[in-house]
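Below is one structure, written out as structure tokens; the observations come after it.
Have a look at this one:
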């Protein structure tokens, strides 16, 4: 049974209004100007000390209540390049941009927590409310760290949250160790000798070489990775040729890989290069692999996860906890913050994912029933990780 904090009804109405306003005005990576202004104005109205400029559009609100430890609570603010198809009254006013991952809800819940805790500071210490830009693809979390987030705000722990379609409303999932995968991208350029398609013996076939490389890369997970480890190698683009009767001199393959452990990540990159060069060479083609590491694996620290478990149990009860969720091959740039400070990242159940209610769908809309649960989790977490006020 869900036990939300006292006084959530009025605050939930405000959070719903905030969330829908943000949903109607989505902004993508490092362009969250209106969103940043909205967040900063709310935090200032709650009496928090507001700092701006980290990662260009990032906002940090500081709430101090006497001497004590300092922690950070983080929410992401950015939207995606998606044409919304919900036809809701609060649908996107910005064509081609949409809050399709629930960052509008994440922002609203953390704002709600900031307002409640500023009015009821039942803790001793400091909370940094971190509103991060550019989680989607562009690594805003990394940029905030590089811009001095933890030097400017020397917290001891950092916590994050994401709504999770497919997990029942009233459930919270968390686990120590990896919970989301490392996200890398790659580009393979194959260079051969173009020729007439009717005379393949006069050239070297980059398309044939590329198809064999795609097949061989799929053996990495099945034959090079330890059976109890996980890896995904997905080729998502294959560009070659412009007409029907020419074997092209070049082909370009692009895609993504996902892993949980650095040793597996290193091996996947190495084997992709080895296989590409060996197979291409067999077809008389040159291969050049560019492999870019984007986000590391999101790894929860055991001690912080136990504190998050206790806080979550205070909201959804022990029966509402999933303490052994299957880690996701999706990626999250909160991982950069967890590399710098111990912490925990949890999934808050958002209900069924059918009918287009899954993340990154043009039919997705954040489930507002989650708002009081997320708010209550943040408040209980503050009361759990920080000493109670005297």
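Residue numbers (the UniProt record's numbering): 1 to 390. C-beta: ideal position from N, C-alpha, C; glycine also.
- If you check the CB distance, residue 191 and residue 250 come in under 8 angstroms.
- A residue is called buried once 16 or more other Cβ atoms fall within 10 Å of its Cβ, and residue 146, having fewer, is exposed.
- Scanning the stretch 26-76 from its first residue to its last, the whole alpha helix (DSSP H) runs of 4-plus residues come out as 33-45.
- Looking at the DSSP output, residue 344 shares a beta bridge with 159.
- Taking a cut-off of 8 angstroms for Cβ pairs, the stretch 379-387 and the stretch 192-203 do not touch, as fewer than three such pairs fall below it.
- As DSSP reads the structure, residue 300 sits in a beta bridge with 177.
- Looking at the DSSP output, residue 130 bridges to 60 and 74.
- Under DSSP, the beta-bridge partners assigned to residue 291 are 186.
- Around the C-beta of residue 305, 16 or more other C-beta atoms lie within 10 Å, and the residue is accordingly described as buried.
- Of the candidates 63, 321, 363 and 300, 63 places its Cα closest to the Cα of residue 153.
- In this structure, residue 30 sits near residue 134, with a CB-CB distance shorter than 8 angstroms.
- With the rule of 3 Cβ pairs closer than 8 angstroms, the stretch 57-72 does not count as touching the stretch 80-89.
- Comparing alpha-carbon positions, the option among 70, 282, 297 and 40 lying closest to residue 60 turns out to be 40.
- Boundaries of the alpha helix (DSSP H) around residue 212: 206-219.
- A distance of 8 angstroms or more separates the beta carbons of residue 314 and residue 172.
- For residue 252, no alpha helix (DSSP H) run applies; the uninterrupted beta strand (DSSP E) run containing it begins and ends at 250-259, by DSSP.
- Following the DSSP letters along the chain, one finds residue 243 in no alpha helix (DSSP H), marked with neither H nor E.
- According to DSSP, residue 98 shares a beta bridge with 80.
- Comparing C-alpha distances from residue 193 to each of 163, 179, 287 and 138 shows the shortest one belongs to 287.
- Spanning the alpha carbons of residue 328 and residue 169 requires a straight line of approximately 19 angstroms.
- The alpha-carbon of residue 157 is positioned some 11 angstroms away from that of residue 345.
- Residue 3 counts as exposed, since fewer than 16 other C-beta atoms from the protein chains shown sit within 10 angstroms of its C-beta.
- Rounded to whole angstroms, the Cβ separation of residue 231 and residue 220 is 6 angstroms, and the two are in contact under 8 angstroms.
- Looking at 71, 100 and 281, the one whose alpha-carbon comes closest to that of residue 159 is 71.
- Secondary structure at residue 321: strand, using DSSP grouped into helix, strand and coil.
- Note that the C-beta distance between residue 207 and residue 275 is not below 8 angstroms.
- DSSP places residue 279 inside the alpha helix (DSSP H), whose first and last residues are 262-282.
- According to the DSSP assignment, residue 144 belongs to the alpha helix (DSSP H) that extends over 140-146.
- Residue 372 and residue 102 have their C-alpha atoms spaced approximately 15 angstroms apart.
- For the set 129, 104 and 380, the Cα lying nearest the Cα of residue 16 is the one of 104.
- Bounds of the alpha helix (DSSP H) holding residue 24 are 8-24.
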